[in-house]
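One structure is given here, and the rest of the page talks about it.
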Amino acid sequence: MTLDEVIQILNANLPHPLNELQKYILRSSWEKKTYITMASEVYYGPEHLRKVASELWSLLSNYLQEPISKTNLREYLEALNLTESQQKLLRKEQQNPTENIRIEFPSGVMSLESNFYINRPPIEELAYSEINEPGSIIRIRAPQKMGKSSLMVRILHHSRCLGYHTVNIDFRQAEKDIFSSVDKFLRWFCANVTKQLSIESMLDEYWDETFGSKISCTSYFQDYLLWQINSPVVLALNEVNRLFNYPEIAEDFLPLLRSWYEKAKQEEIWQKLRMIVVYSTEVYIPLKINQSPFNVGLPLKLPLFSLQQVQDLAQRHGLSCLKDSHLTQLLAIVGGHPYLVRLALYHLHRGEIPFKQLLEEAPTEAGIYNDHLRELLTMLEEEEKLKEAFKQIITTKGGVDIDPIIAYKLDSMGLITINKDLVRPSCELYRLYFEKQLSRYV
4 MTLDEVIQIL NANLPHPLNE LQKYILRSSW EKKTYITMAS EVYYGPEHLR KVASELWSLL
64 SNYLQEPISK TNLREYLEAL NLTESQQKLL RKEQQNPTEN IRIEFPSGVM SLESNFYINR
124 PPIEELAYSE INEPGSIIRI RAPQKMGKSS LMVRILHHSR CLGYHTVNID FRQAEKDIFS
184 SVDKFLRWFC ANVTKQLSIE SMLDEYWDET FGSKISCTSY FQDYLLWQIN SPVVLALNEV
244 NRLFNYPEIA EDFLPLLRSW YEKAKQEEIW QKLRMIVVYS TEVYIPLKIN QSPFNVGLPL
304 KLPLFSLQQV QDLAQRHGLS CLKDSHLTQL LAIVGGHPYL VRLALYHLHR GEIPFKQLLE
364 EAPTEAGIYN DHLRELLTML EEEEKLKEAF KQIITTKGGV DIDPIIAYKL DSMGLITINK
424 DLVRPSCELY RLYFEKQLSR YV
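Just add 3 to wherever you are in the sequence shown, counting from 1, and you've got my numbering.
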């Protein structure tokens, strides 16, 4: 039995298919790599790899009804002959490669077990390394549906594997009233962090009107929360760009984050705090350079998928029938946007639509992108300035220079690319669709 046959058989028989880390451990163990060597390659600690491997050997042992370990894995399986039912299963998979693939509709954060998450080297490796640094900040920036949150949850998972505490604050979950004052916002923020750390709230004891909200918030972290925790705390702040709509909040809160980062250079207790800041666009509110958290730490800007990455994703969808010429045509329409690529591969896997028809209908209301495009159109129609600016962009060849704030908002929606001062549609799909839709407005 070969390793690939083992993986295919396990994926077909287990309640859940092997995730990427399990497959990596299986292949590495097959090659007689040590856990220390594996750890250096994937930025997981050896102890975590041993734990995952132990669960994997247990799965294999239960399935094969024989004790399997890292030591005897290869020798036992290579000597094992395929049963008739296993041979039948493998023949069936070869004839119908997409039949046994557990497909996922592309929506929201990708689970840690997802087989469709595509690494974008060296981004993941840099993030896993940086989160080990005392007092570090990681900044993840990309437009909507580019995979920011999926990367964030993987950094948080890696942090937990290192024994760190993690907190995930999503500003989309805050009600509008929370942003009515800095004091209310900071109390909500502290209460949320406290709850996720499973610590008793002492907000009232540390909140002092004499010193104000920002000092009270800092004191609460420094003198209470961080003292209660022995290991590092990774604080993820998702959808920070929502704060840009509330300048009074942003102009107090964002410099506060920067001040904590600076404190870590001098005060050991603040070195426990590591932050992940996730946002969709460049900052368009006035912040002094030495007060902004957006010009320090490790910046990670998520790129579009390359042809090679799309080839990989197509293989994971069981679409080995797609030639490079097909994928190049797809990229010419959607520009390597992860969500748009995945949606196309999802529908092609299901066999609902021929490839040629998918491309022809893509920018129309009959196409697979209609819901996504209608959502973007609604957002443009709600803001007249955005709509008029984007109409100008798609009708002007060679790019156009527009107001920076409008450009940043369109960029956060994923509609444009900004090269120096010139703005262009981010992909042909958007240009074709909105050229028709916005022409209705005189």
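Beta carbons: idealized from backbone N, C-alpha and C, even for Gly.
Since the structure is predicted, the reported quantities are computational estimates derived from the model, not experimental observations.
Quiz prompt | 4-residue-minimum alpha helix (DSSP H) runs that sit fully inside the region 149-221, ordered along the chain | solution = Entirely contained in the region 149-221, the alpha helix (DSSP H) runs reaching 4 residues are, in chain order, 151-164, 185-199, 206-209.
Quiz item: Nearest to residue 155 by alpha carbon, out of 385, 225, 388, 280?
Solution: Closest in C-alpha terms to residue 155, from the list 385, 225, 388, 280, comes 280.
Practice problem: Rounded to whole angstroms, what's the CA-CA distance from residue 309 to residue 209? Just pull it up for me. | Solution: Approximately 51 Å, taken between the alpha carbons.
Practice problem: Please work out which residues of its chain come closer than 6 Å, Cβ to Cβ, to residue 302, disregarding the five sequence neighbours upstream and downstream, and give them in chain order. | Solution: Here the set comprises 142.
Quiz item: Below 8 Å between beta carbons: does that hold for residue 236 and residue 198?
Solution: Contact: no.
Quiz item: By how many angstroms is the C-alpha of residue 284 removed from the C-alpha of residue 149?
Solution: C-alpha separation (whole angstroms): 12 Å.
Quiz item: What is the rounded straight-line gap between the Cα of residue 330 and the Cα of residue 340?
Solution: Each residue's CA atom was taken as its position, placing residue 330 and residue 340 some 13 Å apart.
Quiz item: Can you give the beta carbon distance from residue 397 to residue 434, rounded, assuming they're within the 8 Å contact cut?
Solution: With a beta-carbon spacing of about 5 Å, residue 397 and residue 434 fall inside the 8 Å limit used to define contacts.
Quiz item: What's the C-alpha gap between residue 442 and residue 408?
Solution: Here the alpha carbon of residue 442 sits roughly 24 Å from the alpha carbon of residue 408.
Quiz item: Would you call the region 4-23 and the region 76-91 touching, i.e. three or more CB-CB distances under 8 Å?
Solution: Touching, yes.
Quiz prompt | Through-space distance from residue 121 to residue 173, alpha-carbon basis | solution = Cα to Cα, the separation comes out at about 23 Å.
Practice problem: Mark residue 430 as exposed unless 16 or more other C-beta atoms lie within 10 angstroms of its C-beta, in which case mark it buried. | Solution: Only buried fits residue 430, as 16 or more other CB atoms lie within 10 angstroms of its CB.
Practice problem: Between the Cα of residue 176 and those of 166, 192, 162, spot the shortest distance and give me the residue it belongs to. | Solution: Comparing Cα-Cα distances from residue 176 to each of 166, 192, 162, the minimum goes to 192.
Self-check item: For residue 241, the three-state DSSP class (helix, strand or coil)
Solution: Here residue 241 carries a strand assignment [DSSP, helix/strand/coil].
Practice problem: Using the Cα positions of residue 268 and residue 292, report the straight-line distance between them to the nearest angstrom. | Solution: Cα to Cα, residue 268 sits roughly 18 Å from residue 292.
Exercise. Could you have a look at residue 423 and say whether DSSP puts it in helix, strand or coil?
Key: Look at residue 423 here: in three-state DSSP terms it is coil, with no helix or strand label.
Quiz item: Does the region 160-169 touch the region 228-242, meaning 3 or more C-beta pairs lie closer than 8 Å?
Solution: They touch, by the three-pair rule.
Exercise. Determine the closest residue to residue 415 out of 362, 202, 145, with distance taken between C-alpha atoms.
Key: For residue 415, the nearest C-alpha among the options comes from 145.
Quiz item: Can you find at least 3 beta carbon pairs, one from the region 61-73 and one from the region 9-18, that sit closer than 8 Å?
Solution: The region 61-73, when compared against the region 9-18, does touch it at the 8 Å Cβ threshold.
Quiz item: Between the C-alpha atoms of residue 225 and residue 139, what's the straight-line distance to the nearest angstrom?
Solution: Each residue's Cα considered, the two are about 16 Å apart.
Self-check item: Whole-number beta carbon distance between residue 307 and residue 338, since they are thought to touch under 8 Å
Solution: The distance from the Cβ of residue 338 to that of residue 307 is about 6 Å, consistent with a contact at the 8 Å cut-off.
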